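Enquirer:
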Amino acid sequence: MMEHFLIVWQQRADVLSGLLDTLGLLAVAALASLVLGALLTPALMSRRAAIARLATLYVDAMRCAPFLLFVYLIYFGLPTAGIRLSNWWAGAIALILYNTAYMAELLRGAWAGLPAPMIEAARAYGFHGFSLVRRIILPQVFTVSLPMIGNQLVQIVKDSAFLTVIAVGELTHQMNGIQATYFIPFAAFITAVVLYWAICLVIEGGSGLLSRFAEERRA
Amino acid sequence: MSVRIIRRDPVHSKQRTAVTLFRTCALALIATFGISHAAHAASAEEIKARGYITVATEDDYTPFEFVADGKNTGYDNDLLALVRKKIGVEVKQQVMPWSGILPGVTTGKYDMALSAVLVTDERRKTFDFASPTCEAITFYATKKGSSIKGPDDLVGKVVGAETGSAMLTDLKLFNEELKKKHGGSGIKQIVEYQSYPEAYQDLALGRVDAVANTQISLNSLVKTRPDTFLIGQPIGKPTYIAWAVKKGNTDVLKMVDAALLELRKSGEMYQLQQKWLGASYKDMPQSVN
Amino acid sequence: MNAFDYWSIVQGALATVVLSVASIALGIPLGLGLALIRWARVPFFHRIVVAYVSLIRSCPAVTLTLLIFFALPQFGISLDPTPAAILALTLSTAAFNCEIWRAALINFPRDQYDAALAFAMPRRLRFRRIVMPQIWRAALPGLVSEMTLQIKSTPAVAVIGIVEITRAALRVGARTYDPLPPFVFALVLYGLIVFVLIRAQRVIERRQPVEARA
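Residue numbers (the numbering used here), protein chains in the order written: chain E, 70 to 288; chain P, 106 to 394; chain R, 960 to 1173.
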């Protein structure tokens, strides 16, 4: 057994590249889906029925579709539409589109829970439209929904493992390659499991720290 | 009556959770190393008592083994049907992606890899091979109209191959040669696929510039889609394809070898080769170990 | 896409449903057992449960499936693809269900439990008559939402060769070199399955008596 882990250690360049790919996908998908989700949330809550219905349709579609199926649709569907992307970017776009819907939904839940008197007071002070959203609403929404955003980030990490089927060189893909070449399935996959665990512990720790910081500053 | 009072200790509970996690991990790792033993391959008496051997076959590797209309078919599967009549024990077959087949044999999950396993020196260290089923060389294939006219044109291109395959190893070795020949620049990127159909689709879409596979599989591909694909040149050394058992598993090997050599003598193997592979390889040695 | 292709995707959908139902049926009681171990603070095991839940909740379904199918044979446990897939899915959903059941247990009103203790009710009777009927209603929304998530993570088992709906669609696409139609068809089938489940969730929630929701 020890020799197996030694082989994994010898291949650490590949393992590291897989780990960095996973973290890269996480960073890109998390940032983009948070930003786009924050833009989508007002659409979800819009009073104009057409916009609200379109946005809700998009969110429901993403929540009904399994991620792997969605990945294949993007992967095979984009070239048909003329857009040819590398596997990594096809995977990243699938992650972004999928998680934008989830982020928008959880931000919407937090938004709807904001106390109305606060918003009325802000309006009384002359905050309208964009500056109202940017300076009053969004900071509150983000601080309230921090734990749930943390959960969604963990979900992004787990979904990134699906991308091995479209040959994206993330962590699971690299470990599968190593175990197939050196016949060390347990050592390879247990290393992957431990690394995923470490990533998620860091995410949970970070989100815990941030929410304590946010709690102190909340009204 | 005792009522339980739960004391909540916010400062230390996080430390306690961390310590708990570390302790459990340490215990788990020690337990793992303690009970690590591989499932052993069955001996002849065990097989006779059990009544069957287990084999693993790939699920989509034309023309050797693939699924058509719900049935396992292809050269290896047809050969298995003939071997079943001669071997005297039941053969339980499991179909799965390639990356699980050879590790499945080394961990003792399967008695034999009944698949298009290329015989390489590296593999001879871990496996014993049955009597060969055909000959193979690693080639590359491109999309029709590609700018790649010869092996040296692969410099700076993206090439795909299957995870854990000998064709991938051949490709990597070829890449080293290219780098030596062209002053350090070789293939731009080697993409590993779970199975070849996905690699071929990416080739058709232009995501990869070439795919490395055996000449038999690539010829079969070009035959079905002559307007899309073009076979290139060899990039590996000629070798054989044979079914593989774990090294030292001579009992299963003897049973399978006996059946295969009978099929060779009767000419049935060559007929199948002609049917599926387009050529018959009559000059193969009896053993490639 | 010919008729046989459509039929193979439908067969894949059936495989998906069977795997999901099996893992859900096994995962809910297993999650309850794990949650009870943590609630009762069984001396050694509750720490193992903490580590198990933390580990499995951060483990991708794909990696767990690959680990169980390819790595366990090294310890002598060799499983066929379908039992391995069910085991992987069950372990995964049990970890999440444990947290859901635990939340329901924690929010269980302490005074009812104390009253039962005051009446000298034996432990099994306490659980069966007082605790269980109330917590299952509290846990239900969480459990059903976890069921939908579970169904959506079943494609992970395609990596060990099980022909569930995504792999069936992939095979058809690889054969016809026209990948989109089979995937669109698979998406429609999937949407149906999830839609039925979400509907069932709404119906169950509506049929709960108002007092129990309090």
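For each residue, glycine too, the CB sits at the ideal point set by N, CA and C. Remember, predicted model here, so these are calculated numbers, not experimental data.
(1) Whole angstroms is fine: what's the gap from Ile206(P)'s alpha carbon to Ala154(P)'s?
(2) Answer yes or no: do Ile340(P) and Ala246(P) have a C-beta to C-beta separation smaller than 8 Å?
(3) Between Ser1051(R) and Trp266(E), which are expected to be in contact by the criterion C-beta below 8 Å, what is the C-beta distance as a whole number of angstroms?
(4) Whose CA, out of Cys133(E), Met244(E) and Leu147(E), lies closest to the CA of Phe1154(R)?
(5) Output yes if chain R places a C-beta closer than 8 Å to the C-beta of Val237(E); else output no.
(6) Applying a beta-carbon distance threshold of less than 7 Å, which residues of chain E neighbour Thr268(P)?
(7) Measuring straight from C-alpha to C-alpha, what distance separates Ala159(E) and Val393(P)?
(8) Below 7 Å between beta carbons is the criterion; list the residues of the stretch 193 to 212 of chain P that meet it against any residue of chain E, in chain order.
(9) CB-CB under 6 Å to Ala271(P), same chain, minus the five flanking residues each way: which ones, in chain order?
(10) Starting from Glu163(P), follow the beta strand (DSSP E) in both directions and report where the run begins and ends.
(11) Could you name the residues of chain E that Arg330(P) contacts, counting a contact when the two beta carbons are closer than 8 Å?
(12) On the premise that Tyr167(E) lies in contact with Leu1129(R), defined as a C-beta separation below 8 Å, what is that separation, rounded to the nearest angstrom?
(13) Can you check whether the C-beta of Val262(E) is within less than 8 Å of a C-beta belonging to chain R?
(14) Where do the ends of the beta strand (DSSP E) carrying Lys230(P) lie?
(15) In this structure, does DSSP put Cys133(E) in helix, strand or coil?
(16) For a contact defined as C-beta to C-beta under 8 Å, what are the partners of Cys1018(R) on chain E?
(17) Per DSSP, what kind of secondary structure is Ile321(P) in: helix, strand or coil?
(18) Which residue from Leu1156(R), Pro1138(R) and Arg1085(R) puts its Cα closest to that of Gln306(P)?
(19) So what's Pro343(P) in DSSP terms, helix, strand or just coil?
(20) Which whole-angstrom value is the C-beta distance of Ala1145(R) and Ile1124(R), which I expect to be below 8 Å?
(21) Can you list, in chain order, the residues of its chain whose CB lies under 7 Å from that of Gly238(E), leaving out five sequence neighbours each side?
(22) At a CB-CB cut-off below 9 Å, which residues of chain P make contact with Tyr1136(R)?
(23) Determine the DSSP secondary structure at His142(P), reduced to helix, strand or coil.
(24) Report buried or exposed for Lys227(E), applying the criterion of at least 16 other Cβ atoms within 10 angstroms of its Cβ.
(25) Look up Leu1023(R) in the DSSP assignment and say whether it is helix, strand or coil.
(26) Quick check on Ser141(P) - is its C-beta less than 8 Å from some C-beta in chain E?
(27) Output needed in chain order: residues of the stretch 150 to 171 of chain E with a Cβ under 8 Å from some Cβ in chain P.
(28) Name, in chain order, the residues that DSSP records as bridge partners for Thr243(P).
(29) Interface residues of chain P around Gly1174(R) at Cβ under 7 Å?
(30) Express the C-alpha separation of Ala107(E) and Gly986(R) in angstroms, rounding to a whole number.
(31) Use the C-beta contact count for Asn961(R): other C-beta atoms within 10 angstroms, 16 or more gives buried, fewer gives exposed.
(32) Since Tyr298(P) is in the beta strand (DSSP E), which residue starts that stretch and which ends it?
(33) Determine the direct distance from the alpha carbon of Met71(E) to that of Phe252(E), and round the result to whole angstroms.
(34) Distance, Cα to Cα, Arg1085(R) vs Arg1096(R)?
(35) If contacts are defined as beta-carbon pairs under 8 Å, then Ile247(E) and Ala257(E) qualify, I think. What distance do you get, rounded to the angstrom?
(36) Which same chain residues, not among the five before or five after Glu373(P), have their C-beta less than 7 Å away from its C-beta?
Expert: Let me lay it out:
(1) Cα atoms of Ile206(P) and Ala154(P): separation of roughly 25 Å, rounded to the nearest angstrom.
(2) No, Cβ-Cβ distance for Ile340(P) and Ala246(P) is not below 8 Å.
(3) Contact annotation, Ser1051(R) with Trp266(E): C-beta distance approximately 14 Å; criterion of less than 8 Å not satisfied.
(4) Out of Cys133(E), Met244(E) and Leu147(E), Cys133(E) has the C-alpha closest to the C-alpha of Phe1154(R).
(5) It does not; no Cβ of chain R falls within 8 Å.
(6) Chain E residues near Thr268(P): Asn245, Gly246 and Ala249.
(7) So the alpha carbons of these two residues sit roughly 44 Å apart.
(8) Considering only beta carbons, the part of the stretch 193 to 212 of chain P lying closer than 7 Å to chain E consists of Ser204, Leu207, Pro208, Thr211 and Thr212, in chain order.
(9) Spatial neighbours of Ala271(P) in its own chain (CB-CB distance under 6 Å, excluding positions within 5 residues in sequence) are listed in chain order as Leu223 and Thr225.
(10) In the DSSP assignment, Glu163(P) falls within the unbroken beta strand (DSSP E) covering Tyr157 to Glu163.
(11) Against chain E, the beta carbon of Arg330(P) has no neighbour under 8 Å; the closest one sits roughly 17 Å away.
(12) The Cβ separation is near 19 Å, so there is no contact.
(13) Yes, contact with chain R.
(14) Per DSSP, Lys230(P) belongs to no beta strand (DSSP E) and is neither H nor E.
(15) Helix, per DSSP.
(16) Within chain E, the residues placing a beta-carbon under 8 Å from that of Cys1018(R) are Lys227, Val262, Tyr265 and Trp266, ordered along the chain.
(17) In this structure, DSSP gives Ile321(P) a helical state, which the three-state scheme calls helix.
(18) If you compare the alpha carbons of Leu1156(R), Pro1138(R) and Arg1085(R) with that of Gln306(P), the shortest gap goes to Pro1138(R).
(19) Here Pro343(P) sits in coil by DSSP.
(20) With a Cβ gap of about 5 Å, Ala1145(R) and Ile1124(R) count as contacting.
(21) If we look at Gly238(E) and ignore the five residues flanking it on each side, its Cβ neighbours are Ser86, Gly87 and Asp90.
(22) Correct list: Tyr305, Gln306, Ala309, Arg330 and Thr333.
(23) The pLDDT assigned to His142(P) is 42, lower than 50, so where the model puts this residue is not dependable; a value taken from the coordinates is nonetheless given after this. In this structure, DSSP gives His142(P) a state outside helix and strand, which the three-state scheme calls coil.
(24) Under this definition Lys227(E) is a buried residue.
(25) Three-state DSSP puts Leu1023(R) in a helix.
(26) At Ser141(P), the pLDDT of 44 sits below 50, so the modelled position is not reliable and the matter cannot be decided from this model.
(27) Cβ contacts with chain P: Arg153, Ser155 and Asn156.
(28) Answer by DSSP bridge pairing, in chain order: Thr319(P).
(29) Outside the modelled stretch of chain R, which goes from 960 to 1173, sits residue 1174(R), for which no answer is possible.
(30) Between the alpha carbons of Gly986(R) and Ala107(E) lies a gap of roughly 35 Å.
(31) Looking at its Cβ environment, which holds fewer than 16 other Cβ atoms inside 10 Å, Asn961(R) is exposed.
(32) Taken as a continuous stretch (DSSP letters only), the beta strand (DSSP E) holding Tyr298(P) covers Gln294 to Tyr298.
(33) Taking the straight line from one Cα to the other gives about 14 Å.
(34) Using only the alpha carbons, I get a separation of about 17 Å.
(35) In this structure Ile247(E) is in contact with Ala257(E), their Cβ atoms being roughly 5 Å apart against a cut-off of 8 Å.
(36) Closer than 7 Å at the Cβ level, and outside the excluded window around Glu373(P), lie Leu187.
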